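This note's numbering puts the first residue of the sequence shown at 18, with every later residue one more than the last.
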Amino acid sequence: MSDEMPQEPEAPQEPGFQDRPAAPRRRRLTTVLVAGVVLLAVAGGVGFTVVTVRDADRTAATTVWGDAKEPKQQAGRHSGGDLRERLLPVPDGYVPGPDIDEFGNDHVITGQDAVDRFEAGSDDLPARQREARRKAVDKLRLKGLAMRSYASEDDDLVIETRLAEIGNRQVGRDLKDFQSGFLRALGVFKKGPAIKGHRNADCFLAPREGKDGLDLLTCSAYEDDLLVSVTAYGPKSLDTKAVADLLARQLDHISSRGEFV
Numbered sequence: 018m019s020d021e022m023p024q025e026p027e028a029p030q031e032p033g034f035q036d037r038p039a040a041p042r043r044r045r046l047t048t049v050l051v052a053g054v055v056l057l058a059v060a061g062g063v064g065f066t067v068v069t070v071r072d073a074d075r076t077a078a079t080t081v082w083g084d085a086k087e088p089k090q091q092a093g094r095h096s097g098g099d100l101r102e103r104l105l106p107v108p109d110g111y112v113p114g115p116d117i118d119e120f121g122n123d124h125v126i127t128g129q130d131a132v133d134r135f136e137a138g139s140d141d142l143p144a145r146q147r148e149a150r151r152k153a154v155d156k157l158r159l160k161g162l163a164m165r166s167y168a169s170e171d172d173d174l175v176i177e178t179r180l181a182e183i184g185n186r187q188v189g190r191d192l193k194d195f196q197s198g199f200l201r202a203l204g205v206f207k208k209g210p211a212i213k214g215h216r217n218a219d220c221f222l223a224p225r226e227g228k229d230g231l232d233l234l235t236c237s238a239y240e241d242d243l244l245v246s247v248t249a250y251g252p253k254s255l256d257t258k259a260v261a262d263l264l265a266r267q268l269d270h271i272s273s274r275g276e277f278v
């Protein structure tokens, strides 16, 4: 067990949406700079580090392409080789969302590239913590990362979903459970909505700064060989029920082996 005590993470900064011109058959949504808490359970103990993560290039407006009348994506049965098929296709009421970091709004990273992406979060840590984090990533036996963003058709909600395919399910589930327990213990995150049919899923609503700040909801779960994380943000009075519904559908989609549910 690590002897180091974690530093309490700063509350997410949530600047408001910017005004933007309307455009026919296009959805335009200004994304925000979001600070999140990334936790790491060290194998064999409960030591951890808290790292502030900020999405890249989140201050510029992003054009979201799509139309409510366009046919939705159709997913085929999962064969074990296509991680993208395990992401929930864009459902009714949503269009493809803003870019996630530098990867666009629908992307998959596999093999060493996925491992490198995970390990990049260690670069600014002290040497001891950096090595511990990388060892823990190795124990996950990470195979790939998939990410997709969704925006509501009325432009008041953005949801980002990330799937991490892992070879060591127990280590991954222990990590997820540890993260949820830590967020509860902090005492600053409100309990989010329950996810129907998925008792291992947890959601937390981050504190808002200022009356014009955005709401931020973060959720985590596991299903099969996947760790699932969802981040949702929008104006005050975030539709947490809609986020919970989309996460439930994502988890059902995974368990159905790629059939669109």
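For each residue, glycine too, the CB sits at the ideal point set by N, CA and C.
In this text, all values refer to a predicted model and were calculated from it rather than measured experimentally.
What separation, rounded to the nearest whole angstrom, lies between the Cα atoms of residue i and residue j?
i, j, result
"Cys236", "Lys253", "18 Å"
"Leu105", "Ala144", "38 Å"
"Phe135", "Asp172", "30 Å"
"Asp155", "Gln129", "11 Å"
"Arg165", "Pro210", "21 Å"
What do you reckon, are the CB atoms on residue i and residue j nearer than 8 Å?
i, j, result
"Gly189", "Leu268", "no"
"Asp262", "Tyr250", "no"
"Leu162", "Ala137", "no"
"Phe206", "Ala223", "yes"
"Asn5", "Pro108", "Outside the shown range of the chain, which is 18 to 278, sits residue 5, and nothing can be said about it."
Under a three-way DSSP split, which group does residue i fall into?
i, result
"Val107", "coil"
"His124", "strand"
"Lys160", "strand"
"Arg225", "coil"
Apply the 10 Å Cβ neighbour rule to residue i and answer buried if 16 or more other Cβ atoms are within range, or exposed otherwise.
i, result
"Lys193", "buried"
"Ala259", "buried"
"Asp219", "buried"
"Lys228", "exposed"
"Thr76", "Reliability fails at Thr76, whose pLDDT of 32 lies under 50, so the model's placement of it is uncertain and the value that follows must be treated cautiously. Under this definition Thr76 is an exposed residue."
"Gln146", "buried"
"Arg201", "exposed"
"Glu148", "exposed"
"Gly204", "exposed"
With distances taken Cα to Cα, identify the nearest neighbour of residue i among the options.
i, options, result
"Ala265", "Asn217, Leu255, Asp242 and Arg225", "Asn217"
"Glu240", "Thr257, His270 and Phe221", "His270"
"Phe199", "Pro210, Phe221 and Gly128", "Phe221"
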